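Those protein sequences? They're chains Z and V, same order as listed.
To convert a position in the first sequence, counted from 1, into the working numbering, add 90.
To convert a position in the second sequence, counted from 1, into the working numbering, add 160.
Okay, structure first, notes after.
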Amino acid sequence: MHPEPQYDDTGGSITGIKASRRQFIKGVIASGAAVSSAGVLIGCSSGGDGVSAGGVERMVRLTVNGVERTVDVLPNETLAMTLRYKLNLTGTKLACDRGECGACTVLVDDVSSYSCSMLTHSIRSKAITTIEGLEGADGSLHPVQQAMIDELGPQCGFCTPGQIMSAVALLKVNTNPTRDEVRAALSGNLCRCGAYDNYTNSVMRAAQNA
Amino acid sequence: MSKDMMAAFELFQPDSVDSAVDLLREAGQGGWALAGGNDSFDWFKDRIKRPETVVDLGSLDELRGIRELPDGGIEIGALTTLTDVENNALVRDRYSLLAEAVSRVASPQIRNVGTLGGNLCQDTRCWYYRYGLDCYRAGGDSCFADSPQGQDREHCLWGADRCVAVSPSDTAPAMVVLDARMVVRNANGEREVSAEEFFVGPDIDIENMTILEPGDVLTAVRIPADWAGSRFYFEKVADRNTWDFALVSIAAAMVVSGDTIDRVRIAAGAVQCVPRRLEAVEDAVTGQLKNEATASVAGQSAVRGATTLNFNHFKVPLLQNLVTRAIRDA
């Protein structure tokens, strides 16, 4: 579905690493105290020497959009960082980076969550769905995506991936929401264009069409 | 300096509460217990708090879930998400006050990840303190909010002691009203602390909002049966309905026989560094008829002794009105 980035290739060593780690210290999953944060995000995503203690400890398997991917993740790395800068899934937007805008909303085990405000290590056993994971295998749009187009939901579009993910999370648990329920479900997503009514219209149409 | 990436730390994901306690005890002042992280990451990203060791409690299933207690009360694991608390049948049935308070926390996404323990233990929102200024609460020697030009609209009416910050938690007043017991574990074992004793003001500890010390973990909240199924009232007033913290909130539980108020407990949020139990109101209305006149007296007695700052005078009539409504409409 998505091109597998080069730096995901860790060969066959991952199993051995996991086993030895488990024996090493129960409960310790990541040790990166010696790694400064500033340039390392780029450095470790492209470097991949994988032999330093920190590097080895940081290899994790993530299930993103149904695909299992091995990624080198810093202890202090948020899911939004991993998605955008390690996995090139840039449909997830980073705006406030403080859990105050909703642009980074993704689904974690089908529950809407701010990917800027969770450590990737904390959710590594869970299924992550981003905006890129919504379309069907044949490239058809998700009903919420299609309804956004039909109802002219977005204005500038920057907050739209987050709005859509919140709407998808709602429709997974409530297939026939009221307008108020839609508004409540999207209340954790800011839209600076103020296209809230258009978004609500879109989600109502998606619920009818789904 | 980039503020987008948190400073480095060592991350531990212990598989038992005992190991978590050990890790936190060893880490001492450099340790940080991480629950949902919504409050923690702001501090880390702004480089204002820089723990060396972060202990992620998220994988501790023993801290999750809601159980019935033998006495008819309930126990809520500290790592239970706010969404799970809000949707729980026991909570909704017996303590709808808590379900309502939880439903007003922040935003859906934050409630999906944020935990009850985290909501109770979160730090204050005073923006001078959050901005990283060297204020009393940060170990310095000034209060920037309580100064001639300080922006103290959100700050306290009671309990000022160098610091004028308020308790930001929506669930804390509900816990005080329900007389909840906070279960705290450390290397010496487990202890229960009443919600009223759990939260502390600057007169007791100016750098912390709760009694938790390094090495302590809040593992659960036990709500006794006392107020199960009674009449409740919760209202939170904030500038925005989503995300925003309370300007004033009110939580009340009441038992009424006939027209008379038998028992009542009432507490306000965001008017003091701790959730403020309004004992004067309780005394004024207990045994009285539940009517407009009693509610009006309640509102008046709630605000006696309030000490305003430059920009928070509005909180006095706001609290008075909320208490009046709570006693009238509970």
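Virtual Cβ for every residue (Gly too), placed ideally from N, Cα, C.
Computed from a predicted structure; not experimentally measured.
Exposure of residue i, with buried meaning 16 or more beta-carbon neighbours within 10 Å
i                    : result
aspartate 195(Z)     : The displayed chain sequence assigns threonine, not aspartate, to residue 195(Z). It is buried - the Cβ of threonine 195(Z) has at least 16 other Cβ atoms within 10 Å.
tyrosine 291(V)      : exposed
glutamate 158(Z)     : exposed
serine 136(Z)        : With a pLDDT of only 30 at serine 136(Z), under 50, the local geometry of the prediction cannot be trusted, and the value read off the model is given with reservation. It counts as exposed.
isoleucine 487(V)    : buried
serine 176(V)        : exposed
glycine 229(Z)       : exposed
glycine 418(V)       : exposed
proline 251(Z)       : buried
phenylalanine 359(V) : buried
lysine 262(Z)        : exposed
glutamine 253(Z)     : buried
glutamate 228(V)     : exposed
alanine 120(Z)       : Confidence at alanine 120(Z) is low in this model, with a pLDDT of 44, below 50, so its placement is unreliable and the value that follows should be read with caution. That one is buried.
glycine 144(Z)       : Any reading at glycine 144(Z) must be qualified, since the residue scores a pLDDT of 30, below 50, and its modelled position is unreliable; no value is offered.
valine 347(V)        : Residue 347(V) is actually alanine in this sequence, not valine. With fewer than 16 Cβ atoms within 10 Å of its Cβ, alanine 347(V) is classed as exposed.
glycine 274(V)       : buried
Residue closest to residue i, alpha-carbon to alpha-carbon, out of the options
i                 : options                                       : result
threonine 219(Z)  : Asn264(Z), Leu164(Z), Ser256(Z) and Ala296(Z) : Ser256(Z)
alanine 455(V)    : His473(V), Lys475(V) and Asn481(V)            : Asn481(V)
alanine 440(V)    : Val431(V), Gln448(V) and Ala458(V)            : Ala458(V)
alanine 462(V)    : Asn472(V), Glu452(V) and Glu442(V)            : Glu442(V)
asparagine 368(V) : Gly232(V), Val434(V), Asp175(V) and Asp489(V) : Val434(V)
proline 267(Z)    : Val201(Z), Gln298(Z) and Leu152(Z)            : Gln298(Z)
alanine 300(Z)    : Val272(Z), Thr265(Z), Glu271(Z) and Tyr289(Z) : Thr265(Z)
cysteine 249(Z)   : Met149(Z), Ala185(Z) and Val163(Z)            : Ala185(Z)
valine 483(V)     : Glu452(V), His473(V) and Arg313(V)            : Glu452(V)
glycine 192(Z)    : Lys262(Z), Thr210(Z), Val154(Z) and Leu276(Z) : Leu276(Z)
threonine 241(V)  : Phe304(V), Val360(V), Ser267(V) and Gly232(V) : Ser267(V)
isoleucine 383(V) : Phe204(V), Cys303(V), Ile236(V) and Leu317(V) : Ile236(V)
lysine 216(Z)     : Val272(Z), Val150(Z) and Asn178(Z)            : Val150(Z)
asparagine 401(V) : Gln311(V), His473(V), Ser263(V) and Val273(V) : Ser263(V)
aspartate 187(Z)  : Asp164(V), Phe474(V), Gly465(V) and Ala490(V) : Asp164(V)
alanine 398(V)    : Phe474(V), Thr446(V), Gln448(V) and Leu372(V) : Phe474(V)
glutamine 173(V)  : Val198(Z), Asn155(Z) and Ser212(Z)            : Ser212(Z)
valine 224(Z)     : Lys176(Z), Leu197(Z), Tyr204(Z) and Asn279(Z) : Per the sequence shown, the amino acid found at residue 224(Z) is leucine instead of valine. The shortest C-alpha separation from leucine 224(Z) is found at Leu197(Z).
threonine 243(V)  : Gly232(V), Asp231(V) and Gly225(V)            : Gly225(V)
leucine 317(V)    : Asn346(V), Phe471(V) and Asp489(V)            : Phe471(V)
valine 416(V)     : Arg437(V), Thr446(V) and Asp404(V)            : Thr446(V)
alanine 444(V)    : Val431(V), Arg425(V), Asp199(V) and Asp231(V) : Arg425(V)
aspartate 489(V)  : Gln448(V), Arg464(V), Phe394(V) and Trp403(V) : Phe394(V)
arginine 269(Z)   : Gly278(Z), Asn279(Z) and Asp287(Z)            : Asp287(Z)
leucine 464(V)    : Gln448(V), Val431(V) and Asp306(V)            : According to the sequence as given, residue 464(V) is arginine; it is not leucine. Of the candidates Gln448(V), Val431(V) and Asp306(V), the one whose C-alpha sits nearest the C-alpha of arginine 464(V) is Val431(V).
leucine 223(V)    : Thr370(V), Leu171(V), Phe304(V) and Thr379(V) : Thr379(V)
isoleucine 234(V) : Phe201(V), Leu469(V), Cys303(V) and Met342(V) : Met342(V)
glutamate 373(V)  : His315(V), Arg185(V), Arg207(V) and Ser179(V) : Arg185(V)
isoleucine 514(V) : Gly299(V), Val476(V) and Asp221(V)            : As displayed, chain V neither begins before 161 nor continues past 490, which places residue 514(V) out of reach and without an answer.
CB contact flag (residue i, residue j, <8 Å)
i                 : j                    : result
isoleucine 364(V) : glycine 189(Z)       : no
alanine 413(V)    : phenylalanine 392(V) : yes
valine 408(V)     : leucine 293(V)       : no
alanine 237(Z)    : alanine 296(Z)       : yes
alanine 259(Z)    : aspartate 200(Z)     : yes
valine 381(V)     : leucine 276(V)       : yes
lysine 450(V)     : threonine 420(V)     : yes
asparagine 166(Z) : alanine 168(V)       : yes
serine 207(Z)     : threonine 168(Z)     : yes
glycine 197(V)    : leucine 173(Z)       : no
proline 333(V)    : alanine 411(V)       : yes
cysteine 281(V)   : tyrosine 289(V)      : no
serine 354(V)     : glycine 429(V)       : no
glycine 361(V)    : valine 181(V)        : no
tyrosine 74(Z)    : cysteine 283(Z)      : Chain Z is shown from 91 up to 300; residue 74(Z) falls before or after that span and cannot be answered.
leucine 179(Z)    : valine 161(Z)        : no
glutamate 356(V)  : arginine 423(V)      : no
aspartate 306(V)  : leucine 469(V)       : yes
- Sufficient close CB pairs (3 or more, under 8 Å) joining the stretch 333-343 of chain V to the stretch 374-392 of chain V: yes
- Message: Would the stretch 275-294 of chain V count as touching the stretch 314-333 of chain V if we require 3 or more Cβ pairs under 8 Å?
- Response: yes
- Would you list, in sequence order, the uninterrupted alpha helix (DSSP H) runs of no fewer than 4 residues that lie entirely inside the stretch 427-456 of chain V? 439-445
- On the three-pair Cβ rule with 8 Å, is the stretch 236-253 of chain Z touching the stretch 280-299 of chain Z? yes
- What residue ranges within the stretch 337-423 of chain V form continuous beta strand (DSSP E) runs of no fewer than 3 residues, ordered along the chain? 341-346, 349-354, 377-383, 391-397 and 408-417
- Pair every Cβ in the stretch 210-221 of chain V with every Cβ in the stretch 183-199 of chain V, then say whether three or more of these pairs are closer than 8 Å. yes
- If you scan the stretch 210-258 of chain V from start to end, which runs of the alpha helix (DSSP H) of 4 or more residues do you find wholly inside it? 242-247 and 249-254
- Mind the definition here: the stretch 221-240 of chain Z touches the stretch 240-251 of chain V only if three or more C-beta pairs lie below 8 Å; say whether that holds. no
- Taking only runs of the beta strand (DSSP E) that begin and end inside the stretch 288-327 of chain V, which ones reach a length of at least 3 residues, in chain order? none
- Mind listing, in chain order, the continuous beta strand (DSSP E) runs of no fewer than 3 residues lying wholly within the stretch 174-254 of chain Z? 195-198, 201-204 and 217-219
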